[in-house]
Amino acid sequence: MPKAKHVGRLSGLAERSDAMVSIYEGGARFQKHVDNPNKDGRVLTSIVYLNSGDPWGADDGGELRMFPEGEPPLDFTPETGRLVLFWADRLPHEVLPAKRRRMALTYWWFDRAEREAKVQELVDEVGNQHLNVSEESMAQDFIAFMLSDTSTPAEIVRKAHTLPEKALSTVATVVGASGAQEALEGIGRLRDSDLKRLRGSMGKMGLQ
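For the sequence shown, full-length UniProt numbering begins at 1 and goes up steadily by one.
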């Protein structure tokens, strides 16, 4: 029996993203890009096509066009059930204009070391903007409190309102808000189900 081959780049995979469903129709397209040009932890992209109705035809468009280095472009028709895997940080690709409804389910798979480094970089960026040790510690304690299984949305909201603005700005950076005020507003809308998803997402970023 032949020995299974292993891909070294995938040895650090820790978790996947939440699912993203994208729908293209009426000529919609996506310009050429790389999913992860900034080393945010995404190493692998997986796409499954969920189109309904008749089999996808040559005139329906919506192909996934990939640009392997040193090779001609490759086109993949979005046939229902087709799975496509490619390097999220290396392979440029685009979606050609879709002339009928095109549905795709996408997951990104994270490399733990790169993701942890990116999160630390974001925290450091804010910390370097004259954030004192006390405020940085408060931000870290608050994030740990959010990740705790025992904290409730109401308790998190109360604690968030006690944070100084610079500490809250650090929290905003980590959770993806544009600033302290947006972070407060988002935290104020938290429900139990939202909190569960947030903990899962932050865990994927290396915040355990």
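Yeah, the Cβ is synthetic: ideal placement off N, Cα and C, and Gly gets one too. Model, not experiment: these values are computed from the prediction.
What did DSSP end up calling residue 169 once you bin it into helix, strand or coil? Under the three-state reduction of DSSP, residue 169 is assigned to helix.
Please state whether DSSP places residue 141 in a helix, a strand or coil. The answer is helix: DSSP assigns residue 141 an H, G or I state.
Given 8 Å as the limit, is there contact between the segment 55-71 and the segment 91-108, that is, 3 or more CB pairs closer than that? In short, these stretches touch, since the Cβ pair count reaches three.
Rounded Cβ spacing between residue 102 and residue 51 (contact assumed at less than 8 Å): Correct: roughly 6 Å between the Cβ atoms.
Mind checking which residues open and close the alpha helix (DSSP H) that includes residue 32? Counting along the chain, residue 32 falls outside any alpha helix (DSSP H), though it belongs to the beta strand (DSSP E) covering 30-33.
Counting beta carbon pairs with one atom in the segment 8-22 and one in the segment 112-125, are three or more of them shorter than 8 Å? Three or more Cβ pairs drawn from the segment 112-125 and the segment 8-22 lie within less than 8 Å of each other, which places the two stretches in contact.
DSSP-derived helix/strand/coil call for residue 119: It is helical.
When the distance is taken between beta carbons, is residue 100 closer than 8 Å to residue 25? It is a contact, given that the beta carbons lie within the stated cut-off.
Kindly indicate which three-state DSSP category residue 54 falls into: helix, strand or coil? Residue 54 falls in the coil class under three-state DSSP.
Name, in chain order, the residues that DSSP records as bridge partners for residue 27. For residue 27, DSSP assigns no beta-bridge partner whatsoever.
CB contact flag (residue 77, residue 122, <8 Å): Not a contact, by the Cβ cut-off of 8 Å.
Let me confirm a value: residue 7 is counted as buried when at least 16 other C-beta atoms fall within 10 Å, else exposed. Which label applies? Using a 10 angstroms sphere on the CB of residue 7, the tally of other CB atoms stays under 16, which defines it as exposed.
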